[in-house]
Every structure is written in C-alpha cells, then in structure tokens.
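Residues in the sequence shown are numbered consecutively from 93, following our numbering.
Here the structure comes first, spelled out in structure tokens, and everything after it is commentary.
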Amino acid sequence: HIVFVTLFSYSICLIFTYTILQNWTFSLKNINNKHDKLSFVIVYLSSGIIMTSIITFLVNHDYDYRIAWLAGTNYAIIHNYLLSKFYVFR
C-alpha cells in the first residue's frame with residue numbers, strides 16, 4: 093500500500109505546489125491553462141526522476157545516504173524553480 097499512499101500524497105503536493113507557485117511566487121492570477129498544468133507536471137516528474145537517479149547513483153557509489161539526499165534535493169529545488177519560472181509560468 094506504500095505505492096498508493098506515495099502517489100496520492102505526491103499528487104496532493106503537486107496540486108498545492110502549482111496553486112502556490114501560480115498565485116504567490118509568480119503572482120499570476122486567473123490562469124487556467126491546460127498547457128501550463130501539463131508543463132508543470134512534466135517539470136516535477138522529470139525532477140523526481142533525476143533526483144532519484146542522483147540519489148541512487150551516489151548511494152551505489154558508497155556516499156552517505158544523507159549526502160546523496162542533500163545532493164538530489166538541491167538539484168530538484170533548482171530544477172523546479174528555474175523551469176517553473178522560465179518554462180511553465182513565463
């Protein structure tokens with residue numbers, strides 16, 4: 093059941109994050125564009141895949157899991173912000 097719970101919680105987080113970025117971070121009001129929503133999901137899914145790859149690679153090469161998570165998370169933060177700013181909410 094962990095997969096179901098993880099997917100459900102990630103979906104809730106995506107909805108919350110999209111709303112916050114649209115209305116607060118980038119101050120875009122009343123934008124309801126299917127292209128922007130699809131772009132947002134693509135950005136965050138690609139970020140999750142790359143972050144997981146970074147963590148897996150580093151752990152498999154004997155880095156401490158905390159360092160691996162820090163590296164993966166830092167990458168994801170930068171990836172998500174820059175692509176959201178210049179690609180999704182331009």
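Using N, Cα and C, we set each Cβ at its ideal position, and we do this for glycine too.
Source: prediction; values computed, not measured.
- In chain order, D128, S131, F132 and V135 place their CB closer than 7 Å to the CB of V180, counting only its own chain and leaving out the 5 sequence neighbours on each side.
- About 7 Å separates the CB atoms of I159 and L150; that is less than 8 Å, so the two are in contact.
- Exclusion of the five residues before and after Y157 leaves V151 as the residues of its chain whose Cβ lies within less than 7 Å of its Cβ.
- Contact check for A163 and S139: beta-carbon distance about 13 Å, past the 8 Å limit, so the pair fails to qualify.
- With respect to T111, M143 sits apart: the two C-beta atoms are not nearer than 9 Å.
- Around the beta carbon of N172, 16 or more other beta carbons sit within 10 angstroms, so the residue counts as buried.
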